[in-house]
Amino acid sequence: MERIQQSLPEMERKHLIEMIDAGITTPYGERIIIMEMGVDSFHDRLYDRLAIQYDSDEHMANAIRGLARPLVEFHNIAIHMDVNPRNYLYVEKDGHLVVKLIDFEGAKLVSTSNKNECVMIGEEHALSPEYTGPEYYDEQGQAISTKFDIWSMGIILIEIAFDQFRAEKRETPLSEDERKSMLFAIGNLFLGFTRNRLGTQPGIFKETQIVYSAGTEWIEQHKSAIETVLQLWMKYPRTALLVTVGNDGKMMDQLKD
Numbered sequence: 336m337e338r339i340q341q342s343l344p345e346m347e348r349k350h351l352i353e354m355i356d357a358g359i360t361t362p363y364g365e366r367i368i369i370m371e372m373g374v375d376s377f378h379d380r381l382y383d384r385l386a387i388q389y390d391s392d393e394h395m396a397n398a399i400r401g402l403a404r405p406l407v408e409f410h411n412i413a414i415h416m417d418v419n420p421r422n423y424l425y426v427e428k429d430g431h432l433v434v435k436l437i438d439f440e441g442a443k444l445v446s447t448s449n450k451n452e453c454v455m456i457g458e459e460h461a462l463s464p465e466y467t468g469p470e471y472y473d474e475q476g477q478a479i480s481t482k483f484d485i486w487s488m489g490i491i492l493i494e495i496a497f498d499q500f501r502a503e504k505r506e507t508p509l510s511e512d513e514r515k516s517m518l519f520a521i522g523n524l525f526l527g528f529t530r531n532r533l534g535t536q537p538g539i540f541k542e543t544q545i546v547y548s549a550g551t552e553w554i555e556q557h558k559s560a561i562e563t564v565l566q567l568w569m570k571y572p573r574t575a576l577l578v579t580v581g582n583d584g585k586m587m588d589q590l591k592d
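In this text, residue positions in the sequence shown follow the numbering used here: the first is 336, and each later residue adds one.
Put into structure tokens, the structure is as follows:
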């Protein structure tokens with residue numbers, strides 16, 4: 336975190352959480368970091384229904400830009416590796432709430448001269464499995480780039496839309512288990528395989544390819560996920576397009592102001 340602050344001028348990290356001080360506690364020798372104080376996380380706002388309801392594609396796109404800005408800044412220096420709603424924090428700044436990215440402990444630094452540089456990760460890397468990009472499951476090697484974070488961002492967009500659909504029907508927010516199950520199912524559809532390595536024992540179970548055959552078995556197995564994706568295209572086509580192109584690295588270019 337300290338290196339990130341040293342490498343990026345203050346004006347280029349306006350949407351990244353600021354470290355105020357750091358030190359070692361006595362007598363236990365534990366490292367502590369003092370950071371800006373946040374109001375609540377994006378996850379809190381999403382699942383406590385504190386967020387504004389989005390009535391149009393443009394309205395949702397503006398909210399998504401708020402989540403994209405921190406990543407645009409962060410990718411100038413590193414790959415975050417754990418982009419998820421809990422790692423976006425609302426911080427009060429000059430009377431306004433600013434969305435900031437937090438939790439840089441698992442980040443991988445990249446060359447400032449080549450932002451598309453790939454770095455290697457190990458299987459024991461701490462990740463939030465439901466947001467994990469496809470590179471993690473590549474048997475030829477786990478070389479990742481900033482596209483890894485962009486994939487995670489695409490999953491968050493689906494999550495926002497899904498919660499919107501439930502809110503419109505006056506349904507309660509998903510439980511934690513339901514949320515994870517739903518995001519896994521939808522992510523698997525985009526990937527074309529089921530993810531069996533969930534981070535606790537990576538490498539024990541290999542991934543299983545989803546066979547998109549003429550039969551209906553795969554449709555029945557993924558019915559809920561398919562319905563959600565179709566709803567997304569019907570109500571928020573621009574957002575759906577962002578999700579679709581997200582993994583080729585173009586999402587951030589389209590979201591820039």
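Using N, Cα and C, we set each Cβ at its ideal position, and we do this for glycine too.
All values reported here derive from a predicted model rather than from experimental measurement.
Under the rule that a run must span 4 or more residues, the alpha helix (DSSP H) segments found entirely inside the region 360-407 read 377-382.
Excluding the 5 residues flanking it on each side, Leu444 has same chain C-beta neighbours closer than 6 Å at Ala413, in chain order.
In the structure shown, Lys482 adopts helical secondary structure according to DSSP, grouped into three states. For Val445, DSSP assigns no beta-bridge partner whatsoever. Under the three-state reduction of DSSP, Asp498 is assigned to helix. Counting C-beta pairs closer than 8 Å gives fewer than three between the region 428-439 and the region 484-493, which falls short of the contact rule. Within a 10 Å sphere around the beta-carbon of Ala478 sit fewer than 16 other beta-carbons, which makes this residue exposed.
Lys435 sits in a strand when the DSSP states are folded into three classes. In terms of Cβ geometry, Ile339 and Phe497 do not form a close pair [threshold 8 Å]. In this structure, Ser376 sits away from Leu406, with a CB-CB distance that is not shorter than 8 Å. Only residues of its own chain outside the window of five on either side were considered, and among them Pro420 and Arg421 have a CB closer than 6 Å to the CB of His378, listed in chain order.
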